[in-house]
Amino acid sequence: MIDHSVPADINEMIEKSQVKVVKAFGRCTMVAVQLPNGFIITESITSVDEASYNKETNTQICLERIKHKISELEAYKTQSVAIQSRNRNQGKQNC
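In terms of our numbering, the numbers along the sequence shown are unbroken and rise by one, the last being 228.
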């Protein structure tokens, strides 16, 4: 059985996570998310200059990138479990 994470699941995971947002050098936003299991994912974005810096927009962009990373990691985990299950089943058939 394949379990696909949907955006609602990922949003729920983010809501249960610790999120830190840091502004650096007047125009860089760094976001770190510690997931409920302790795994940490980071992203950053830099504005062209301080005048165009927008912390809220930059934070949202970083969070969307982090959600995409979580989606990729969940897909990797799902595929790995499926392959392990298939390999175990093939081993049983060969006995």
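Cβ coordinates follow ideal geometry from the N, Cα and C atoms, glycine included.
In this text, all values refer to a predicted model and were calculated from it rather than measured experimentally.
Lys-210 carries a helical assignment under DSSP once its states are collapsed to helix, strand and coil. For Ile-178 against Ile-194, the beta-carbon gap comes to about 5 Å, under 8 Å, which counts as contact. With contact defined as three or more Cβ pairs closer than 8 Å, the stretch 211 to 222 and the stretch 185 to 194 are not in contact. By the C-beta density criterion, Val-164 is buried, having at least 16 other C-beta atoms within 10 angstroms. Annotation for Lys-156: Thr-162, Lys-188 place their beta carbon closer than 7 Å to its own, counting only its chain and skipping 5 residues before and after. Pairing Asp-142 with Glu-148, the inter-Cα distance amounts to about 10 Å. Note on geometry: alpha-carbon atoms of Glu-197 and Tyr-209 lie some 19 Å from one another. Within the same chain, Cβ atoms closer than 8 Å to the Cβ of Asp-182 are found at Arg-160, the five residues on either side in sequence being excluded. For Ala-141, the enclosing alpha helix (DSSP H) starts and ends at 140 to 148. Excluding the 5 residues flanking it on each side, Val-154 has same chain C-beta neighbours closer than 6 Å at Val-164, Thr-192, in chain order.
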